[in-house]
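So the structure is just underneath, and the comments pick up after that.
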Amino acid sequence: MLIFERSRSGRRATAQAPLRVADVSALPERFRRGTRAPLPELSELDVVRHYTRLSQKNFSIDTQFYPLGSCTMKYNPRACNSLAMLPGFLNRHPHAPETHSQGFLACMYELQEMLRDVTGMKGGVSLTPMAGAQGEFAGVAMIRAYHDARKDTARTEILVPDAAHGTNPATATMCGYTVKEIPTDDSGDVDMEALKAALGPHTAGIMLTNPSTLGVFERRIKEIADLVHQAGGLLYYDGANLNAILGKVRPGDMGFDVIHMNLHKTFSTPHGGGGPGAGAVGVSERLRPFMPIPVVAKEGERYRFMTEKDLPQSIGRLSAFAGNAGVLLRAYVYMRMLGRAGMPRVAEFSTLNANYVMARLKEKGFELAFPGRRATHEFIVTLKRLAKETEVTAMDVAKRLLDFNYHAPTTYFPLLVPECLLIEPTETESKETLDGFVEAMAEILEEARTSPDKVKGAPYTQPNRRFDEVRAARELDVAWHPGAALDEAAEQGRAD
Amino acid sequence: MPFIPHTETDIQDMLAAIGVNDIEQLFDEIPSALRTGPLNLVPEAMSEMEITRLMHRRAAQDHVDLNFIGAGAYEHHIPAAVWQIATRGEFYSAYTPYQAEASQGTLQLVYEYQTMMTGLTGMDVSNASLYDGASALAEAVLMSVRANRKSKSHRVLMPATVNPVYRSVTRAIVHGQGIELVEVPFDPATGRVDPKSLAAFEGQDITALVIPQPNFFGVLEEADALTDWAHAQDAQVIGVVNPVSLALLKPPGEWGGKGADIVCGEGQPLGAPLSSGGPYFGFMCCRKEHVRQMPGRIVGRTLDADGRTGFVLTLQAREQHIRRSKATSNICTNQGLVVTAATIHMALLGPEGLERVAAACHANTHALIDRLKPLGVTQAFTGEIFHEVALRLPRPVRPVLDAMAQQGVLGGYALGDDYSDLGDLLLVCATETKTEADLDRYAEVMKAALAAGSA
Chain A
1 MLIFERSRSG RRATAQAPLR VADVSALPER FRRGTRAPLP ELSELDVVRH YTRLSQKNFS
61 IDTQFYPLGS CTMKYNPRAC NSLAMLPGFL NRHPHAPETH SQGFLACMYE LQEMLRDVTG
121 MKGGVSLTPM AGAQGEFAGV AMIRAYHDAR KDTARTEILV PDAAHGTNPA TATMCGYTVK
181 EIPTDDSGDV DMEALKAALG PHTAGIMLTN PSTLGVFERR IKEIADLVHQ AGGLLYYDGA
241 NLNAILGKVR PGDMGFDVIH MNLHKTFSTP HGGGGPGAGA VGVSERLRPF MPIPVVAKEG
301 ERYRFMTEKD LPQSIGRLSA FAGNAGVLLR AYVYMRMLGR AGMPRVAEFS TLNANYVMAR
361 LKEKGFELAF PGRRATHEFI VTLKRLAKET EVTAMDVAKR LLDFNYHAPT TYFPLLVPEC
421 LLIEPTETES KETLDGFVEA MAEILEEART SPDKVKGAPY TQPNRRFDEV RAARELDVAW
481 HPGAALDEAA EQGRAD
Chain B
1 MPFIPHTETD IQDMLAAIGV NDIEQLFDEI PSALRTGPLN LVPEAMSEME ITRLMHRRAA
61 QDHVDLNFIG AGAYEHHIPA AVWQIATRGE FYSAYTPYQA EASQGTLQLV YEYQTMMTGL
121 TGMDVSNASL YDGASALAEA VLMSVRANRK SKSHRVLMPA TVNPVYRSVT RAIVHGQGIE
181 LVEVPFDPAT GRVDPKSLAA FEGQDITALV IPQPNFFGVL EEADALTDWA HAQDAQVIGV
241 VNPVSLALLK PPGEWGGKGA DIVCGEGQPL GAPLSSGGPY FGFMCCRKEH VRQMPGRIVG
301 RTLDADGRTG FVLTLQAREQ HIRRSKATSN ICTNQGLVVT AATIHMALLG PEGLERVAAA
361 CHANTHALID RLKPLGVTQA FTGEIFHEVA LRLPRPVRPV LDAMAQQGVL GGYALGDDYS
421 DLGDLLLVCA TETKTEADLD RYAEVMKAAL AAGSA
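Line by line, the protein sequences are chains A and B. Numbering of the first sequence is given in our numbering, commencing with residue 1 and proceeding in unit increments. Numbering of the second sequence is given in our numbering, commencing with residue 1 and proceeding in unit increments.
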């Protein structure tokens with residue numbers, strides 16, 4: 001039931017709003033709304049019960065294993081949340097003077113320094129991008145600003161491997177570049193011949209994820225970096241998979257000029273059902289002048305925000321204030337609790353878990369996309385053969401997993417591996433959880449062979465069966481109205 | 001090992017199953033020359049108890065007694081239930097709802113959010129959120145260029161009364177796409193755009209006009225006249241609004257004869273704490289005919305295999321994971337959890353509660369103005385205000401604000417930082433959180449600060 005259907009005219013959560021009605025007679029009629037906003041009218045208990053019940057219709061890390069590849073669904077420590085929500089942090093106005101901001105700024109400065117250390121980006125870190133895609137934007141905009149500052153305006157192309165996240169090409173377009181796709185070779189590395197052929201005076205840069213979205217480490221990264229630099233281009237590192245190499249290899253040492261990190265992946269801030277994230281960027285020395293502002297500086301024992309005055313060549317501001325500060329505080333607390341020795345352990349145990357699940361699924365008869373390679377923090381299973389034999393697809397297996405109380409892996413990404421499941425267990429899961437998942441996968445494989453229709457009809461245990469997505473897009477219902485056509489259709493369905 | 005559950009036995013069993021001797025062997029594809037040396041800037045680990053002590057100390061360090069700064073982030077009472085429910089693990093630690101059947105909680109909530117936002121703004125459709133108000137305006141400008149097919153110029157009129165940071169963020173984001181942002185001056189007497197001053201642009205190819213309501217000075221723009229003017233030029237109207245104000249003010253969907261085309265803004269006043277500027281959320285609504293040009297996620301209602309209603313992400317063909325370089329935007333992760341809070345917040349306040357909040361803010365700011373008049377402080381502009389006001393001080397603003405801050409009162413935002421000719425203007429906001437005693441304290445502290453300046 002929708003919240004609007006629970007609404008009763010005249011009901012209120014009285015304690016939540018001012019007790020007195022204030023005088024607004026100074027506000028001329030022509031600026032006023034004619035009728036009250038059509039929000040629902042409910043008691044506090046109505047609201048609490050409705051949204052608590054809705055929450056129970058979600059899978060989440062706190063309730064289920066969530067091996068969603070490329071998303072790093074690791075445990076989000078509760079202390080990160082409660083400490084970021086201390087009243088002193090929540091009540092701090094973004095325009096509070098620096099005299100009343102030293103506690104907050106100290107956290108931000110130290111976070112910048114820790115991120116600089118683990119990425120090897122010597123030029124500095126800006127925390128302002130509000131999600132991975134905005135970090136990508138900042139990265140490519142800096143590459144453009146660098147070329148523009150050198151009056152090197154013939155560089156109009158960004159190279160993107162075909163396995164890249166969709167945000168990479170979309171970002172390049174937003175920055176005014178055309179996108180050239182580079183194919184992947186059979187072992188999952190960038191096709192070097194194709195790369196060489198694509199590089200030239202039009203190359204502004206390349207966007208790479210390493211390990212790639214195929215779950216393997218790009219072994220010739222140094223060679224790629226040299227080739228791109230020789231052609232006059234810069235290298236952008238998409239930090240989506242930083243969890244795999246944290247403390248083991250640094251993008252700065254691989255030769256990257258700019259990186260964005262997804263703090264909501266590697267540094268365990270929550271995904272919140274779709275954000276907020278944080279997409280901090282780190283840069284090499286040559287891109288330092290172009291960093292997005294603000295950046296926190298330390299002078300003696302005082303901290304302050306650097307602005308346009310300090311970085312006149314900055315690509316500018318990307319958020320109204322200083323990014324998703326509350327998310328940054330959570331990442332800060334997480335990094336302090338892990339400490340220096342905890343950083344490489346993230347990579348080690350996420351890699352151990354991924355390789356373990358990969359080995360066990362192989363033993364159960366699943367086909368690996370890159371059988372000759374090590375898994376990084378994730379790996380790909382392809383169900384191409386299974387789909388051909390039984391018509392059970394990757395999507396069917398994903399839906400059936402929900403019935404076994406596991407969130408599905410990422411399906412149909414990367415696009416170039418047919419019927420793929422991208423599986424990322426993360427380091428915070430125990431061996432028993434992984435074993436349970438492997439057994440469920442094996443059981444589904446068996447079902448696919450013996451009773452494929454059962455798998456194709458899944459899920460059976462969720463609040464809903466599979467949806468008519470075509471109808472959703474064709475007969476658009478994106479805001480509720482009393483007497484909506486969809487309610488009538490559902491009513492009719494029940495009557496039939 | 002913090003947050004890693006493996007016992008020594010687990011590790012040995014797992015290594016044996018993989019067929020390697022140690023964990024290090026799993027990294028053997030990485031060239032050894034690239035391996036990281038010791039980290040120097042990450043300190044040794046702290047226990048939860050130790051970090052708790054450190055964070056309590058730092059949070060307390062930034063304490064102020066009273067905050068009267070607005071300028072794009074507004075202090076409101078947030079019901080206790082809002083964040084208690086929003087931080088339940090099932091909302092807090094879920095991903096973007098790609099597996100619809102296992103994400104009906106988040107999906108239904110977003111659908112309810114979209115419905116509430118269309119109700120507040122008077123528009124047909126809403127997306128599931130953007131990052132913040134500033135980046136939402138940038139996306140709205142990009143969207144208007146796609147949606148206004150009559151216009152070829154890619155010129156967008158941007159009044160100087162739009163939040164200066166929003167203008168600067170929009171510049172940074174649309175810069176690469178050849179879009180021209182043309183500044184429109186304001187009337188120094190009223191503090192708003194004089195519709196007559198737009199005559200200079202008449203007959204030109206204009207893609208869109210941005211209308212902030214209320215504007216950065218807290219002043220109400222003549223939104224009806226501006227909207228009609230824009231539509232007469234075949235330009236689209238992008239409204240930038242404060243969602244709390246919409247409990248009192250005319251919804252943008254009703255501006256002028258035809259209403260705004262795109263409405264966006266900062267969602268923070270709906271249940272997000274000030275929190276140093278984020279996480280907040282940007283909202284965006286539009287008319288139905290432009291929905292395919294909208295950036296970001298949209299949740300739709302549909303039927304499942306059993307004919308029951310439920311919710312899915314829809315119109316995904318607009319988005320980067322499908323359309324790649326041709327997508328409407330690169331946005332992927334948005335501000336879901338803050339939208340969760342905002343939805344619960346709006347449901348708790350309801351139409352009357354939100355109207356009471358808006359009215360109390362309006363009345364409190366007027367009450368503060370009345371208290372400051374005897375100090376020689378005057379209202380800088382004659383235009384009617386919502387809940388924020390530009391005041392002219394008899395002294396330069398900066399030292400007055402510094403002196404007030406020393407007394408624990410953040411007195412407002414110095415407009416001279418952004419408008420060089422408004423150096424003696426202070427932007428102040430008194431929301432519903434301020435009591436009579438708070439307003440008295442502000443007046444006292446300012447009186448002392450003004451007196452100190454003249455000594």
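For each residue, glycine too, the CB sits at the ideal point set by N, CA and C.
- In the DSSP assignment, residue 178 of chain A forms a beta bridge with A:157.
- Inclusion of residue 44 of chain A and residue 64 of chain A in the CB contact set at 8 Å is not warranted, their separation being larger than that value.
- Per DSSP, the continuous alpha helix (DSSP H) segment holding residue 106 of chain B begins and ends at 104-121.
- Here residue 412 of chain A is not near residue 440 of chain A, since their CB atoms are 8 Å or more apart.
- Interface criterion not met: the Cβ of residue 153 of chain B is under 8 Å from no Cβ in chain A.
- Annotation for residue 189 of chain B: 381, 382 place their beta carbon closer than 8 Å to its own, counting only its chain and skipping 5 residues before and after.
- Here the alpha carbon of residue 36 of chain A sits roughly 22 Å from the alpha carbon of residue 109 of chain B.
- For the pair of segments examined, the segment 380-397 of chain A was found not to touch the segment 30-44 of chain B: the number of CB pairs separated by less than 8 Å stays below three.
- Comparing C-alpha distances from residue 304 of chain B to each of A:469, A:227, A:123 shows the shortest one belongs to A:469.
- Separation of residue 434 of chain A and residue 62 of chain A (C-alpha to C-alpha, rounded to the nearest whole angstrom) is 16 Å.
- Taking CB atoms only, residue 372 of chain B has no neighbour in chain A less than 8 Å away.
- Contact annotation: the segment 151-163 of chain B does not touch the segment 291-305 of chain B, with fewer than three C-beta pairs closer than 8 Å.
- Here residue 421 of chain B is exposed, its C-beta having fewer than 16 other C-beta atoms within 10 Å.
- Residue pairing for residue 184 of chain B: DSSP places it in a beta bridge opposite B:159.
- Judged by DSSP in its simplified three-state form, residue 266 of chain B adopts strand.
- Boundaries of the alpha helix (DSSP H) harbouring residue 329 of chain A: 325-363, taken from the DSSP string.
- At the C-beta level, residue 195 of chain B and residue 240 of chain B stay beyond 8 Å of one another.
- For residue 229 of chain A, the enclosing alpha helix (DSSP H) begins and ends at 221-230.
- Chain order gives the chain B residues near residue 490 of chain A as 303, 307, 308, 309, where near means a beta carbon separation below 7 Å.
- Per DSSP, the beta bridge partners of residue 260 of chain A are A:238, A:281.
- For residue 212 of chain B, there is no enclosing alpha helix (DSSP H); the residue is part of the beta strand (DSSP E) that begins and ends at 208-213.
- Taking CB atoms only, residue 164 of chain B has no neighbour in chain A less than 8 Å away.
- For residue 28 of chain A, the chain B residues whose C-beta falls within less than 8 Å of its own C-beta are 384, listed in chain order.
- The C-alpha of residue 347 of chain A is placed about 38 Å away from the C-alpha of residue 149 of chain A.
- For residue 236 of chain A, the nearest beta carbon of chain B is not closer than 8 Å to its own beta carbon.
- The beta-carbon separation of residue 167 of chain A and residue 136 of chain A, rounded to 6 Å, stays under the 8 Å limit for a contact.
- Shown here, residue 332 of chain B sits in coil according to DSSP, grouped into three states, outside any helix or strand.
- Residues of chain A whose Cβ lies closer than 8 Å to the Cβ of residue 439 of chain B do not exist, since the nearest Cβ in that chain is about 13 Å away.
- In this chain, the alpha helix (DSSP H) harbouring residue 386 of chain A covers 384-390.
- Within chain A, no C-beta atom comes less than 9 Å from the C-beta of residue 399 of chain B; the nearest is roughly 12 Å away.
- Residue 287 of chain A is positioned such that its CB atom lies closer than 8 Å to that of residue 142 of chain A.
- Not a single C-beta of chain A is nearer than 8 Å to the C-beta of residue 21 of chain B.
- Residue 346 of chain B has a beta carbon lying within less than 8 Å of a beta carbon in chain A.
- Residues of chain A with a Cβ closer than 9 Å to the Cβ of residue 250 of chain B are, in chain order, 30, 31, 32, 33, 34.
- A Cβ-Cβ distance of about 6 Å is found for the pair residue 191 of chain A and residue 182 of chain A, placing them in contact under the 8 Å criterion.
- The count of Cβ pairs closer than 8 Å, one atom from the segment 470-486 of chain A and one from the segment 327-345 of chain B, stays below three, leaving the stretches out of contact.
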